[in-house]
Structure formats: C-alpha cells, structure tokens
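Each residue of the sequence shown is one higher than the one before, starting from 35 at the first, in our numbering. A virtual CB, placed ideally from N, CA and C, is assigned to each residue, including glycine. Owing to the predicted nature of the structure, the values given are computational and were not obtained by experimental measurement.
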Amino acid sequence: MIEYNNLTQTKSYEKLSAIKAYDIKHNLNGSRIEGSTIKEAGTLVYNYGAMPVDEKTIDALQALADEQQLIEKYKALLSGERMNTGENRLVLHQLTRGRVLEGVKVEADGVEKGDFYNGELDKIRDFSEKVRNGEIKGSTGKEITTVIQIGIGGSDLGPRALCYALNLIGPQDGCTKKLNARFISNVDPDDACAVLEGVDLEATLFVLVSKSGTTQETLANRDLVFKVMEKSGIKGLVPEKHVVAVTSNTSPLAKTPDILAVFFMDDYIGGRYSATSPVGGVILSLTYGFNVFKQILDGAHAEDVCALEKDIRKNGTLMDAMIGVYLRNVLKYPYTAVLPYSQSLHRMPAHFQQLDMESNG
C-alpha cells in the first residue's frame, strides 16, 4: 500500500541529514568520474562524479527513495491513478510517448487515453507531411516555408528549446527538409512585429497553442497577427487558412471556423510537460519532419522506461532527483546551475527552470 509521509519525518531522512558533504575538492579525479557514470537509454549517460556524495550518502539516498516508495508512486502515475490530488487529475504526459507499463490501459473521460494520444499523433503525421510535400499550401497558393508558434509558458518554452536544439540536424539524422521556425510569446506588440519582420505571410503557417482556448496573451497575439495579414494588402490572403490550433476539445478554439486543422490535448498533461504532446509535436513535425519528432518520442519513452529501475546506482533519473533533495534540503545549497555545453541547447535552462520550479511550487 502506498503511503504519503512528510519527508522530514522519515527515519531514512534523519540518517541522511547526519551525513556531511563529501570532500569533492580533494577527491575529484579520473577514477571517480569513471566510477560515477550511469548508462541511460541509447548513448545518454548521467554522471554524478562532481557531486559531494560518497557510497555512504548514496546508500542513504537509496533508503530514503525506498521508504518514500518513489518507484511505486511512479508506477501508480503510469497506471493512471489520480496523482494530481490538488485538481483531482491523472498525470499522463508520459503516455504521449508510449505505454511505459506493458499492457496497462488508462481510461478517462470515456476513452482509452493511449489510443486518444496515438490518434492525435496520426493527425500530426498526416497534416505535417501534406504541408511539407506541398499538398497543403497557403491561401494564395504558395508552399509553406515558415512556421510560427503563438503561445506562452509551457506552450512556448519546451517546444522552443527542442526546436533550437535540433537546428543543426540534417539528412543523416532523418531530416531531409527544414522549414523556418519562429515563436511569438511576449504580449508586447514589438516582439510580435520583430518576429514577423521579413516573413513572407503567404508562405507562413501559424500554430496557435492554448489548452483552455482563452489565454489572453495568446489571443491578443493572434489578433495582432490577423491584423497584420489583413493590412498587408496581399490579394487572396485569408488569415484563417494560415492557422492551426492546439487546444482541448472543449475549448472555444476547437470551434474556430475555417482554420486548417485542430489538434487536441487534455487536462491530464501539464503545460510544462507538454513538449511531447501536440503542443510541441505540431511545430517540430512541420519544421523537421514527423520522423524526427518520432525519434524524440522514442528517446523520451526509453528514458521513461529506464526510470522504473529501483536501484539508484542504475537509474540516473532517480539518482539526480535524490541528490537534488540532499543538496537542497540537507546541505542547504540555494542554487542549481544548468550550463549547456552547446549553443543549440541555449534555451534548455529556461525549460528546465519551469519544469523544476513550477513543479515544486
């Protein structure tokens, strides 16, 4: 039976609190780095060699993870239990990447959610391929060459970070054609105008993202874009024929007349976790091709499976989470630094910041 206990009231946390930081300054060497590597999915590795922990600390972290039943709670989340108790909701972002627990079906709102997400994935594949091969064109007959996503928060940070991260991929990575990707998130009209500067409106597709369909900043930017298109003087340019929406099936956006397509998400996917849902999938598939987005899904799914491992020394996700608890709660470190090694990853810190800080209140 799963129990929920205050962290500081557990026996294992009491023992962890008594452990002093390992003297990493005088013990950081090649053998320690080599011995502190956890192999994850594919070629991904997690290394904690520079963290102030030793074997005694790791044993204590394992004990705390076990006492708090972290893996059991993760499995409960994957099984469709209502882990978001504040809003009485399921938490299903992993299911957009595939079923982590084999054979487990998740029912909600009268549908099997895995099938629902796969259905939206099929829609994304079909639409993106038709745009990229020229079957779907702009209202004046031009092929689409630019995609601009309009959204804020989780509708911007994750998709933007992934788009920028993939900027240098090519045919060797399965990307035979790239469209230009841009983002509008700031409600300041100057930002939107700067993004639109030099853009061929006849060859541009806008991805409007709002789960509720009532996000004021997003709707304000949509209205601004429509005004720019209407005032362009381009004969035959119909703004609605350059728009797709990503929203819930009960939102006002879902009923918008004349737009090219609508892709659905639901309340079981938090905005900050939505990059592998249609929120990120539409623009990534349009920009780089559906097969590239599918590779992202497959990689994320493989990591979701790796996170089931109960042994902390074989689970980089669990190790990183537990070291984070030790650094913040026990050692009282006030900051976490995220330093990308590649310029293509320069928007990842903002995405990670939202994932961590918003999740922890």
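For Ile170 and Lys164, the rounded distance between their alpha carbons: Reading the sequence shown from its first residue, position 130 is the one you call residue 164. Reading the sequence shown from its first residue, position 136 is the one you call residue 170. Spanning the two alpha carbons is a distance of roughly 5 Å.
Identified DSSP bridge partners for Met299: Numbered from 1 along the sequence shown, position 265 holds the residue referred to as residue 299. Paired residue(s): Ser282.
Contact check, Ser219 vs Ile186, beta carbons under 9 Å: Position 185 of the sequence shown, counted from the first residue, corresponds to residue 219. Position 152 of the sequence shown, counted from the first residue, corresponds to residue 186. For Ser219 and Ile186, yes; Cβs fall inside 9 Å.
Nearest-angstrom Cα separation, counted from Gly188 out to Gln388: Walking along the sequence shown from the start, residue 388 turns up at place 354. Walking along the sequence shown from the start, residue 188 turns up at place 154. For Gln388 and Gly188, the gap between their C-alpha atoms comes out near 8 Å.
Alpha-carbon to alpha-carbon, Val229 and Leu129: In the sequence shown, the residue the question calls residue 129 occupies position 95. In the sequence shown, the residue the question calls residue 229 occupies position 195. Roughly 33 Å separates the two Cα atoms.
Burial state of Ala84 (16 or more Cβ within 10 Å): Looking up residue 84 in the sequence shown gives position 50. Per the 10 Å Cβ criterion, exposed.
Residues of its chain near Arg256, where Cβ-Cβ distance is below 7 Å and the 5 sequence neighbours each way are ignored: As a first step, residue 256 is located in the sequence shown; it is residue number 222 there, counting from the start. Only Ile184, Leu242 meet the Cβ criterion.
Top-ranked residue by Cα proximity to Asp225, from Ser285, Arg194, Leu258, Glu264: Taking the first residue of the sequence shown as position 1, residue 225 is located at position 191. Of the candidates Ser285, Arg194, Leu258, Glu264, Leu258 places its Cα closest to the Cα of Asp225.
Pro383 versus Ile303: straight-line alpha-carbon distance, rounded: The sequence position of residue 383 within the sequence shown is 349, counting from 1. The sequence position of residue 303 within the sequence shown is 269, counting from 1. Whole-angstrom Cα-Cα distance: 21 Å.
Burial state of Ser376 (16 or more Cβ within 10 Å): Taking the first residue of the sequence shown as position 1, residue 376 is located at position 342. With fewer than 16 Cβ atoms within 10 Å of its Cβ, Ser376 is classed as exposed.
Option nearest Val125 by Cα separation, candidates Glu136, Val181, Gly148: As a first step, residue 125 is located in the sequence shown; it is residue number 91 there, counting from the start. Taking only the C-alpha atoms, the option nearest Val125 is Gly148.
Element boundaries [alpha helix (DSSP H), containing Ile184]: As a first step, residue 184 must be located in the sequence shown, where it is residue number 150. No alpha helix (DSSP H) holds Ile184; the beta strand (DSSP E) holding it covers 180-184.
Leu342 vs Val134 beta-carbon contact at 9 Å: As a first step, residue 342 is located in the sequence shown; it is residue number 308 there, counting from the start. As a first step, residue 134 is located in the sequence shown; it is residue number 100 there, counting from the start. Result yes, Cβ atoms of Leu342 and Val134 sit closer than 9 Å.
Simplified DSSP state of Val145, which is helix, strand or coil: As a first step, residue 145 must be located in the sequence shown, where it is residue number 111. DSSP places Val145 in strand when its eight states are reduced to three.
Three-state secondary structure (DSSP) of Val372: Numbered from 1 along the sequence shown, position 338 holds the residue referred to as residue 372. The answer is coil: DSSP assigns Val372 none of H, G, I, E or B.
Contact check, Pro193 vs Thr248, beta carbons under 9 Å: By one-based count along the sequence shown, residue 193 stands at place 159. By one-based count along the sequence shown, residue 248 stands at place 214. Taking 9 Å as the Cβ cut-off, Pro193 and Thr248 do not qualify as a contacting pair.
Identity of the residues DSSP links to Ile72 by a beta bridge: Locating residue 72 in the sequence shown gives position 38, where the first residue counts as 1. Looking at the DSSP assignment, Ile72 forms a beta bridge with Tyr80.
Range of the contiguous alpha helix (DSSP H) that encloses Asn325: Working through the sequence shown from its first residue, we reach residue 325 at position 291. 324-340 is the span of the alpha helix (DSSP H), which, as asked, contains Asn325.
Presumed contact (8 Å Cβ cut-off) between Gln103 and Glu48, rounded CB distance: Reading the sequence shown from its first residue, position 69 is the one you call residue 103. Reading the sequence shown from its first residue, position 14 is the one you call residue 48. With 8 Å as the limit, Gln103 and Glu48 do not qualify as a contact, their Cβ atoms being about 17 Å apart.
Nearest to Ser378 (by Cα), restricted to the options Ala334, Leu200, Pro86: Residue 378 sits at position 344 when you count from the first residue of the sequence shown. If we check each option's Cα against that of Ser378, Leu200 comes out closest.
The alpha helix (DSSP H) enclosing Val229, as first and last residue numbers: Mapped onto the sequence shown, residue 229 falls at position 195. Its alpha helix (DSSP H) spans residues 223-230.
At least three beta-carbon pairs within less than 8 Å, the stretch 155-164 to the stretch 301-320: yes
Short Cβ contact (9 Å threshold) for Met299 with Thr284: Taking the first residue of the sequence shown as position 1, residue 299 is located at position 265. Taking the first residue of the sequence shown as position 1, residue 284 is located at position 250. Against a cut-off of 9 Å, the Cβ pair of Thr284 and Met299 comes out as no contact.
Cβ contact check for the stretch 350-366 and the stretch 79-97: 3 or more pairs under 8 Å: Output reads yes: the stretch 79-97 touches the stretch 350-366.
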